[in-house]
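Q: After the structure tokens below, expect a handful of questions from me.
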DNA sequence: GCCGTTTTCGGCCCGACTGTTTTCAGTCG
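In the numbering used here, the protein residues as written are 21 to 601.
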């Protein structure tokens, strides 16, 4: 049975949040509201598509989804609507649910606005603000009205607005550097999704360790990049930068800084799970420390996160793992993975150099000699001198052979002067839509390494695309698969594959799947990385650099590997010699 | 509505900040 339309996790969680809002306004259903909120959170951060879990009949494996909500979602996926939800929402003004997305507007105020002013759309609300109607409502005032108006404008101009890790890192670094100029600032750390190295970032959260909180907050709110001060208190503040990015700052003194780091690094599900563990020992967790026995109990403070976790009888858990997907159980059993590190990487197998291989698209711009030099600086033992395959329409295989041999000569010439690093003649070979490779077997044999990649007809169906990719993975001269899902963050989802089949063939034929470290790709993604490792598949983390600075994207790929629980042994390019398996 | 080696009933995180109040409700993370 298939659903009449596709439901993404954000869409499903939105539906649940609307029900939570309705219950909240009803007032007598506080815990139902909380339950729906929890379910929405759970689905939003689920390690798989809720609809897939439903198809496999394991929706209830998500925490917060019990029998009742599972049943409603079953109806949703089957028919596209839920009669119970319609009943719950009955009597609520329709406009209210549209106002929930406005920053600062929660269920109660959304209801009040829609009901009292009879508003049906965001547009209506904006008009009401401009007509000064909102300020006259009981419980609202001039300031609230202005804030709502501001929130609406932000929503309209804002766009999707999740930052790439590269962008978030750069902004966080810049702000941190400004704050570090203060002698009172002892250290600055990232928090939240940025610290957990999630692939895209909403708001940037920072922690500052200091004994002069007010001074730090004053400086923070008066940085030259600040457009708005969203709030400003004694220990925390939020600003919006001129580019629209929101930054939340929390300050804490040394003695309880570890608790702050732990608490606000999250994730929420990780912390909820920890709290449940703690409750069994009558402990309660907060950003100030751990309290024993009730509200007035003894508070233990922690300078470091290590001490915080140790107090709970747990080893320190790397932030990348803190998603409540088994890391707490693993920590309890002392079976946390020994995660791969950037310094474990001994080579980069996917790079685009400036040799003209007469490719059809997206040629690299890195001179071979620069690649060799930079590779040595990075401590690599081998590096791909790569290209896309020559355009199929403009070359015969004989012509391609000539090009590859000519490139080999160019490589050999540079190799003479750089004996510390092995230069690899590499091609990212197009896996064509007609289920053939762009290079013949004879030509593939000339290369040190060949990685297959899908670059055309991305809208193929799952079965067809699986066959197409398997064709490449069944070729003895192909070593692995580049950017396996073809996704581009904030741009396109990528194609679907039958992963069980792909994993099987990779294991059987000894092919690696790539974790493409290019900031827009980060593909294979963390969830599939973990699945692949469980299946016994080896991975390669590659930069896919087209310009010299892109080589440094390697760290983003390593983050993805770590979020997928990868150890050094799972990654082929951690071997000091090129040993694909 | 969810959840469980102290519970299948009876609990359910909690503190900061803001705007509107004149002691607190709503929102957020």
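Yeah, the Cβ is synthetic: ideal placement off N, Cα and C, and Gly gets one too.
May I have the straight-line CA-CA distance separating residue 612 from residue 204, to the nearest angstrom?
A: Since the first and last residues shown for the chain are 21 and 601, residue 612 lies out of range.
Q: Could you tell me which residues DSSP puts in a beta bridge with residue 512?
A: Counting from 1 along the first chain, the entry for residue 512 is found at position 492. Residue 512 is bridged to 508.
Q: Rounded to a whole number of angstroms, what is the C-alpha to C-alpha distance between residue 23 and residue 31?
A: The sequence position of residue 23 within the first chain is 3, counting from 1. The sequence position of residue 31 within the first chain is 11, counting from 1. Bear in mind that the predicted position of residue 23 carries a pLDDT of just 39, short of 50, making it too unreliable to give a figure here.
Q: Can you say whether residue 425 is buried or exposed, counting buried as having 16 or more other CB atoms within 10 angstroms of its CB?
A: Taking the first residue of the first chain as position 1, residue 425 is located at position 405. Flag for residue 425 reads exposed.
Q: Roughly how many angstroms separate the alpha carbons of residue 280 and residue 267, rounded to a whole number?
A: Locating residue 280 in the first chain gives position 260, where the first residue counts as 1. Locating residue 267 in the first chain gives position 247, where the first residue counts as 1. About 17 Å.
Q: Following the continuous alpha helix (DSSP H) through residue 549, name the residue where it begins and the one where it ends.
A: For this step, residue 549 is matched to residue 529 along the first chain. 546–555 is the extent of the alpha helix (DSSP H) around residue 549.
Q: With C-beta atoms as the reference, is residue 516 less than 8 Å away from residue 488?
A: The residue given as residue 516 occupies position 496 in the first chain. The residue given as residue 488 occupies position 468 in the first chain. Contact flag unset, no.
Q: Hey, which unbroken runs of the alpha helix (DSSP H) at 4 residues or more fall wholly within the segment 439–479?
A: 461–464
Q: Here's the rule I'm using: 16 or more other beta-carbon atoms within 10 Å means buried, otherwise exposed. How should residue 278 be labelled?
A: For the purposes of this step, residue 278 is taken as the residue at position 258 of the first chain. Per the 10 Å Cβ criterion, buried.
Q: Apart from the five residues on each side of it in sequence, which residues of its chain come closer than 7 Å, Cβ to Cβ, to residue 53?
A: Counted from its first residue, the first chain places residue 53 at position 33. Cβ neighbours of residue 53 beyond the five flanking positions: 40, 43 and 44.
Q: What whole-angstrom Cβ distance do residue 309 and residue 212 have, given they're in contact under 8 Å?
A: On the first chain, residue 309 is found 289 positions in, with the first residue counted as 1. On the first chain, residue 212 is found 192 positions in, with the first residue counted as 1. Not really, about 20 Å apart at Cβ, beyond 8 Å.
Q: What are the uninterrupted segments assigned as alpha helix (DSSP H) that are 4 or more residues long and contained completely in the segment 120–159, given in chain order?
A: 127–136 and 142–150
Q: Using only the alpha-carbon positions, how far apart do residue 529 and residue 497 sit?
A: Taking the first chain and counting its residues from 1, one reaches residue 529 at position 509. Taking the first chain and counting its residues from 1, one reaches residue 497 at position 477. Approximately 11 Å, taken between the alpha carbons.
Q: Under three-state DSSP, which class holds residue 113?
A: The count along the first chain starts at 1 and reaches residue 113 at position 93. Note: residue 113 maps to coil in three-state DSSP.
Q: Check for me: the alpha helix (DSSP H) holding residue 576 runs from which residue to which?
A: Position 556 of the first chain holds residue 576. Where residue 576 is concerned, the enclosing alpha helix (DSSP H) stretches over 574–583.
Q: Write down the C-beta distance between residue 145 and residue 168 rounded to the nearest angstrom, noting that I regard them as a contact closer than 8 Å.
A: Sequence index remark: in the first chain, residue 145 carries index 125 (1-based). Sequence index remark: in the first chain, residue 168 carries index 148 (1-based). Yes, they are in contact, since the Cβ atoms of residue 145 and residue 168 sit about 7 Å apart, within 8 Å.
Q: Hey, quick one: how far does the alpha helix (DSSP H) through residue 200 stretch, first residue to last?
A: Within the first chain, the letter at position 180 stands for residue 200. Residue 200 -> alpha helix (DSSP H) spans 185–200.
Q: List in chain order: all unbroken alpha helix (DSSP H) runs of 4+ residues lying wholly within the segment 87–113.
A: Here the runs fully enclosed are 87–99 and 103–109.
Q: Contact check, residue 256 vs residue 245 under 8 Å by CB: the rounded distance?
A: Here residue 256 corresponds to residue number 236 of the first chain, with the count starting at 1. Here residue 245 corresponds to residue number 225 of the first chain, with the count starting at 1. That pair is no contact at about 19 Å.
Q: Secondary structure at residue 241, three-state DSSP: helix, strand or coil?
A: If you number the first chain from 1, residue 241 lands on position 221. In the structure shown, residue 241 sits in a helix (DSSP, three-state: H, G or I).
Q: Between residue 171 and the rest of its own chain, which residues show a CB-CB distance below 8 Å, the 5 nearest in sequence each way excluded?
A: Counted from its first residue, the first chain places residue 171 at position 151. Excluding sequence neighbours, residue 171 sits near 122, 123, 124 and 125.
Q: Quick check on DSSP: helix, strand or coil for residue 332?
A: Taking the first chain and counting its residues from 1, the one referred to as residue 332 is at position 312. Coil, per DSSP.
Q: How far does the alpha helix (DSSP H) with residue 285 in it extend, from its first residue to its last?
A: Position 265 of the first chain, counted from the start, is the residue given in the question as residue 285. DSSP places residue 285 in the uninterrupted alpha helix (DSSP H) bounded by 277–285.
Q: In chain order, what residues of the same chain have a beta carbon less than 6 Å from the beta carbon of residue 615, not counting five sequence neighbours either side?
A: Here the chain covers residues 21 to 601 and nothing more, so residue 615 does not appear.
Q: Counting only the same chain and skipping the five closest in sequence on each side, list residues whose C-beta sits under 7 Å from that of residue 423.
A: If you number the first chain from 1, residue 423 lands on position 403. Taken in chain order, the residues that qualify are 377, 378 and 410.
Q: What did DSSP end up calling residue 319 once you bin it into helix, strand or coil?
A: Working through the first chain from its first residue, we reach residue 319 at position 299. It is a strand residue.
Q: Which partner residues does residue 219 have in the DSSP bridge list?
A: Stepping through the first chain from its first residue, residue 219 is reached at position 199. Its beta-bridge partners do not exist; DSSP assigns none.
Q: In the DSSP assignment, find the alpha helix (DSSP H) that holds residue 18 and state where it starts and stops.
A: The question about residue 18 has no answer, for the chain in this structure spans 21 to 601.
Q: Could you pull out every residue in the same chain whose Cβ sits closer than 6 Å to the Cβ of residue 580, ignoring the five residues on either side in sequence?
A: Indexing the first chain from 1 puts residue 580 at position 560. The residues are 535, 542 and 546.
Q: Apart from the five residues just before and just after residue 232, which ones in its own chain have a Cβ nearer than 6 Å to its Cβ?
A: Here residue 232 refers to the residue found at position 212 when the first chain is read from its first residue. Here the set comprises 204.
Q: Do residue 227 and residue 284 have their CB atoms nearer than 8 Å?
A: Taking the first chain and counting its residues from 1, one reaches residue 227 at position 207. Taking the first chain and counting its residues from 1, one reaches residue 284 at position 264. Their beta carbons are under 8 Å apart, which means residue 227 touches residue 284 by this criterion.
Q: From the DSSP secondary-structure annotation, give me the bridge partner or partners of residue 402.
A: For the purposes of this step, residue 402 is identified with residue 382 of the first chain, where counting begins at 1. BP columns for residue 402 point to 367 and 442.
Q: Just reading off the alpha helix (DSSP H) that residue 31 is part of, what are its end residues?
A: Mapped onto the first chain, residue 31 falls at position 11. Taken as a continuous stretch (DSSP letters only), the alpha helix (DSSP H) holding residue 31 covers 29–46.
Q: Measure the alpha-carbon distance for residue 398 versus residue 99 and round it to whole angstroms.
A: For this step, residue 398 is matched to residue 378 along the first chain. For this step, residue 99 is matched to residue 79 along the first chain. Residue 398 and residue 99 have their C-alpha atoms roughly 55 Å apart.
Q: Going by the DSSP bridge assignment, what does residue 374 pair with across the sheet?
A: Position 354 of the first chain, counted from the first residue, corresponds to residue 374. In DSSP, residue 374 forms no bridge with anything.
Q: Which class does residue 24 belong to by DSSP, given the choice of helix, strand or coil?
A: Taking the first residue of the first chain as position 1, residue 24 is located at position 4. Caution applies to residue 24, whose pLDDT of 44 falls short of 50 and renders its modelled position unreliable; the value that the coordinates give is listed next. Residue 24: coil per DSSP, three-state reduction.
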